[in-house]
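Taking it in order: structure first as structure tokens, then the write-up.
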Amino acid sequence: METILIPGAEIYYEKNFLSPEEATTLLDLLRTKCAWERRKSSFKYPVPRDEAYYGDPGTNYRYSRREYKPLPWIPELLSLRTLVEEATPAVAYANLSLPKRGYNAVLCNLYRNGNDSVGLHADAEPEMGPVIASISLGAERLFRLRGQNGSVAFAERLSHGSLFIMAGKTQKNFKHEVPKEPDVDQPRINLTFRRIEHR
Ligand SMILES: O=C(O)CCC(=O)C(=O)O
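Following the numbering used here, the numbering of the sequence shown begins with 1110 at its first residue and continues without gaps.
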């Protein structure tokens, strides 16, 4: 696992977390198996991607006036969760003086092609844990982190089968986005494993 050094962020990246064959099998399976839904944004327009949210009971959360209610886990996402938990460095929690915790929910995003995207945001709801693990499958899309002044701190095409972990103060100090890339004609699925705790 590579550590990406950006002042104010804590990022770990493993480009070949899944083999290309495993990643392609998972991409094809999740495209048909997930309960994809195109939701409305807070402004009533559809968000430019399909979403499906799976998790343990009680992992509901609200984002941008949308309520995310977990669907029961499907076996393939549960198996992947175990692998992702094993790969998450204990130091990501130790640096926060926390014991290592598991993930209890996953938000799946399907970008059908380069016209789909996610705008600049942080995953910083009060009930969301600070360690977020993201698996990318399919088309290699640009993933950017921007600091509070809007400057780009990180920009990389996350590879097919990669694991990208954001920890520490990354969500406090940075926002992230997957911009539109109209030349991309292939789909991409991204899975962000999170821990939701209502106190
Ligand atoms: O597709 C990605 O890489 C990012 C997804 C994302 O930002 C999110 O689920 O909050």
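Yeah, the Cβ is synthetic: ideal placement off N, Cα and C, and Gly gets one too. These numbers were taken from a predicted model, which means no experiment stands behind them.
Could you check what DSSP says for residue i in three-state terms: helix, strand or coil?
| i | result |
| --- | --- |
| S1245 | strand |
| S1188 | helix |
| K1284 | strand |
| A1233 | coil |
| L1139 | helix |
| V1200 | helix |
Considering only the alpha carbon of each residue, which of the options lies closest to residue i?
| i | options | result |
| --- | --- | --- |
| A1201 | I1120, P1116, R1304 | I1120 |
| K1124 | L1272, H1307, D1294 | L1272 |
| I1183 | Y1162, G1117, S1173, P1235 | Y1162 |
| S1188 | G1256, M1110, Y1212 | Y1212 |
| P1181 | C1217, P1166, P1198, Y1170 | P1166 |
| D1137 | I1305, R1303, N1299 | N1299 |
| E1111 | P1198, R1303, K1209 | P1198 |
| F1126 | H1230, H1285, H1269 | H1269 |
| H1230 | A1214, R1171, R1304, L1254 | L1254 |
| T1134 | R1297, R1303, F1302 | R1297 |
| Y1122 | P1288, K1284, A1264, R1304 | A1264 |
| R1210 | R1190, V1227, G1228 | R1190 |
| G1164 | P1288, E1185, L1267 | E1185 |
| L1216 | L1267, R1266, F1283, Y1172 | Y1172 |
| K1153 | E1160, W1145, R1174 | R1174 |
| I1115 | R1266, S1243, G1256 | G1256 |
Tell me residue i's beta-bridge partners as DSSP assigns them.
| i | result |
| --- | --- |
| V1215 | Y1163, F1302 |
| T1112 | Y1121 |
| K1149 | P1155 |
| S1271 | S1245 |
| E1265 | F1252 |
Ignore the nearest five residues each way along the sequence and tell me which others in residue i's own chain have a CB closer than 7 Å to its CB.
| i | result |
| --- | --- |
| E1130 | none |
| E1306 | E1236, G1238 |
| A1233 | Q1280, K1281 |
| S1128 | G1270 |
| G1228 | E1286 |
| P1208 | Y1202 |
| E1146 | D1159, E1160, A1161 |
| E1176 | N1169 |
Quick one: residues in its chain with C-beta nearer than 8 Å to the C-beta of residue i, no 5 flanking neighbours on either side, listed in chain order?
| i | result |
| --- | --- |
| G1277 | A1118, E1119, A1201, N1204, L1205, P1239 |
| K1178 | Y1162, N1169 |
| S1243 | L1267, L1272, F1273, I1274, M1275, N1299, L1300, T1301, F1302 |
| I1113 | I1120, Y1121, Y1122, F1263 |
Residue i: beta carbon under 7 Å from a heavy atom of ligand 3?
| i | result |
| --- | --- |
| V1227 | Of the ligands one can find in the structure shown, namely ligand 1, none is ligand 3. |
Which residues in the same chain have their Cβ closer than 6 Å to the Cβ of residue i, if we skip the five residues on either side of it in sequence?
| i | result |
| --- | --- |
| V1156 | R1148, S1150 |
| D1225 | P1157, R1158 |
| I1241 | D1232, M1275, T1301, R1303 |
Could you tell me whether the stretch 1250 to 1268 touches the stretch 1185 to 1200, using the rule of 3 or more Cβ pairs below 8 Å? no
Between the stretch 1281 to 1292 and the stretch 1136 to 1145, can you find at least three pairs of beta-carbon atoms closer than 8 Å? no
Examine the Cβ distances between the stretch 1212 to 1223 and the stretch 1241 to 1250 and report whether three or more of them are shorter than 8 Å. yes
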